[in-house]
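What follows is one structure encoded as structure tokens, with my remarks underneath.
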Amino acid sequence: MKVTELWRFRWLFLNLLIREIRNRYVGSLSGIFSIIFNPLALLAIYAFVFATILRIKFPALVEYNFTVFLALALWPWLAFQEGTQRGTLSIQSNGNLVKKVAFPHELLVYSAVTATYIVHLGGFLLVLLALVLFGSAINLLALPLVISILGVQFLFTLGLALALAAMQVLIKDTEQYLSPVFMIWFYATPILYPASLVPASMHQVIMLNPMAYFTGRIRDLLLYKNCQFGLVDAAEIAGTVVFFLLARLFFNRLSPHFEDFL
1218 MKVTELWRFR WLFLNLLIRE IRNRYVGSLS GIFSIIFNPL ALLAIYAFVF
1268 ATILRIKFPA LVEYNFTVFL ALALWPWLAF QEGTQRGTLS IQSNGNLVKK
1318 VAFPHELLVY SAVTATYIVH LGGFLLVLLA LVLFGSAINL LALPLVISIL
1368 GVQFLFTLGL ALALAAMQVL IKDTEQYLSP VFMIWFYATP ILYPASLVPA
1418 SMHQVIMLNP MAYFTGRIRD LLLYKNCQFG LVDAAEIAGT VVFFLLARLF
1468 FNRLSPHFED FL
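Okay, so the sequence shown: first residue is 1218 according to our numbering, each after it adds one.
Below is the structure:
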């Protein structure tokens, strides 16, 4: 099915999205915790360990507060990680629906990832507002560009979740490997440290990491006020679109066989 043909199923997608948000976040203490307190707790722990206990001071951050530096990249990362994990399990956890109703299975992945991003985007905007109120020099004029970058990151997350969701149906323990992979990926992404600290020999390798681009670009816009777009940005956007289309092709090739494995 072509991407444009999915428009016919927009109301089904909307219903799946509303169900996803209602089941996961509305009227649930655990949902409220995951939205607000869990990210804030992570931010507080990392800031306390790095700034207070270890007293690490990065030369590149002399003019900036470490907590602000960390917060601007942490929320986009959390949206990516949770969105990918939720999307990976979306087909398997809706096995009865997949077996009984004929519809584009990819909508389940899209609704899971979209719900996650909507919630985390709300949390991210609240954090930005709080940082500004406490006197941080955040470039709020760059918000439209930041949301555009998050949109590209969202497309990358959709692609990765599509590929992993298909693998999860066929290989049941795929999801179990995600936690260690994400832990390694997190520390391999310049979130807790400036990208300038990466050795020159490893810099090109780190820059192949899409999340290094997304989190770094958001910092550039909000903290360093670097709003210039160039060839690197164009290449990342084009690469993300190609990755999504290939992942969707992979998913749709396997989708007709899901009922046999659920």
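Beta carbons are placed, not taken as given, at the ideal position from N, Cα and C, and that holds for glycine.
Query raised in the report: Under three-state DSSP, which class holds Gln1445?
Result: Here residue 1445 is taken as the residue at index 228 of the sequence shown, counted from 1. Three-state DSSP puts Gln1445 in coil, outside helix and strand.
Query raised in the report: What are the boundary residues of the alpha helix (DSSP H) that Gly1312 is part of?
Result: Translated into positions along the sequence shown, residue 1312 becomes position 95. Counting along the chain, the alpha helix (DSSP H) containing Gly1312 begins and ends at 1312-1317.
**Report entry** Close Cβ partners of Thr1333 (< 7 Å) along its chain, the five nearest in sequence each way excluded
**Finding:** Along the sequence shown, read from residue 1 onward, the residue named residue 1333 stands at position 116. Within the same chain, Thr1333 has close Cβ partners Ala1296, Glu1299, Gly1300, Arg1303.
Query raised in the report: Between which two residues does the alpha helix (DSSP H) carrying Asn1240 extend?
Result: Here residue 1240 corresponds to residue number 23 of the sequence shown, with the count starting at 1. 1227-1241 is the span of the alpha helix (DSSP H), which, as asked, contains Asn1240.
Query - Option in Tyr1242, Thr1391, Gly1352 with minimal Cα separation from Thr1284 - result: Working through the sequence shown from its first residue, we reach residue 1284 at position 67. Of Tyr1242, Thr1391, Gly1352, the residue nearest in Cα terms is Gly1352.
Query raised in the report: Helix or strand or just coil, what does DSSP make of Tyr1394?
Result: On the sequence shown, position 177 is the one that residue 1394 refers to. Three-state result, Tyr1394: helix.
**Report entry** Through-space distance from Lys1316 to Ile1454, alpha-carbon basis
**Finding:** Here residue 1454 is taken as the residue at index 237 of the sequence shown, counted from 1. Here residue 1316 is taken as the residue at index 99 of the sequence shown, counted from 1. Looking at the two C-alpha atoms, the distance is approximately 35 Å.
Query raised in the report: Helix or strand or just coil, what does DSSP make of Gly1352?
Result: For the purposes of this step, residue 1352 is identified with residue 135 of the sequence shown, where counting begins at 1. Gly1352 falls in the coil class under three-state DSSP.
Report task. Report the rounded CA-to-CA distance for Val1459 versus Arg1272, giving the unit in angstroms. Result -> For the purposes of this step, residue 1459 is identified with residue 242 of the sequence shown, where counting begins at 1. For the purposes of this step, residue 1272 is identified with residue 55 of the sequence shown, where counting begins at 1. Roughly 42 Å separates the two Cα atoms.
Query raised in the report: Can you tell me whether Pro1361 is buried or exposed, with buried defined as 16 or more other CB within 10 angstroms of its CB?
Result: Taking the sequence shown and counting its residues from 1, one reaches residue 1361 at position 144. By the neighbour-count rule (16 or more Cβ atoms within 10 Å), Pro1361 is not buried but exposed.
Requested in this report: Can you check the stretch 1320-1366 for any alpha helix (DSSP H) of at least 4 residues that lies completely inside it and give the ranges in chain order?
Outcome: 1323-1350
**Report entry** Assumed close pair Thr1305, Leu1395 - CB separation to whole angstroms, cut-off 8 Å
**Finding:** The count along the sequence shown starts at 1 and reaches residue 1305 at position 88. The count along the sequence shown starts at 1 and reaches residue 1395 at position 178. That pair is a contact at about 7 Å.
Query raised in the report: By a C-beta neighbour count over all protein chains shown, 10 Å radius and 16 as the cutoff for buried, is Tyr1327 buried or exposed?
Result: Within the sequence shown, the letter at position 110 stands for residue 1327. Its Cβ being crowded by 16 or more others within 10 Å, Tyr1327 is buried.
Report task. Please report how far the alpha carbon of Ala1261 lies from the alpha carbon of Arg1465, in whole angstroms. Result -> Numbered from 1 along the sequence shown, position 44 holds the residue referred to as residue 1261. Numbered from 1 along the sequence shown, position 248 holds the residue referred to as residue 1465. The alpha-carbon atoms of Ala1261 and Arg1465 are separated by roughly 37 Å.
Query raised in the report: Relative to the C-alpha of Phe1230, which residue among Glu1323, Val1266, Gly1456, Gln1385 is closest?
Result: Counting from 1 along the sequence shown, the entry for residue 1230 is found at position 13. The shortest Cα separation from Phe1230 among Glu1323, Val1266, Gly1456, Gln1385 belongs to Glu1323.
Query raised in the report: In whole angstroms, what separates the C-alpha of Val1266 from that of Lys1274?
Result: The residue you call residue 1266 lines up with position 49 of the sequence shown. The residue you call residue 1274 lines up with position 57 of the sequence shown. Taking the straight line joining both Cα atoms gives about 12 Å.
Query raised in the report: With contact counted as at least three CB pairs below 8 Å, one residue from each stretch, are the stretch 1435-1446 and the stretch 1413-1421 in contact?
Result: no
Report task. With distances taken Cα to Cα, identify the nearest neighbour of Asn1232 among Phe1254, Leu1325, Ala1319. Result -> Counting from one through the sequence shown, the residue named residue 1232 turns up at place 15. Among Phe1254, Leu1325, Ala1319, the Cα nearest to that of Asn1232 is on Leu1325.
**Report entry** Beta-carbon separation (whole angstroms), Leu1471 vs Ala1378, contact threshold 8 Å
**Finding:** The count along the sequence shown starts at 1 and reaches residue 1471 at position 254. The count along the sequence shown starts at 1 and reaches residue 1378 at position 161. Rounded, the Cβ-Cβ distance is 14 Å, inconsistent with contact.
Query raised in the report: Start and end of the alpha helix (DSSP H) containing Tyr1263?
Result: As a first step, residue 1263 must be located in the sequence shown, where it is residue number 46. Per DSSP, Tyr1263 belongs to the alpha helix (DSSP H) from 1255-1264.
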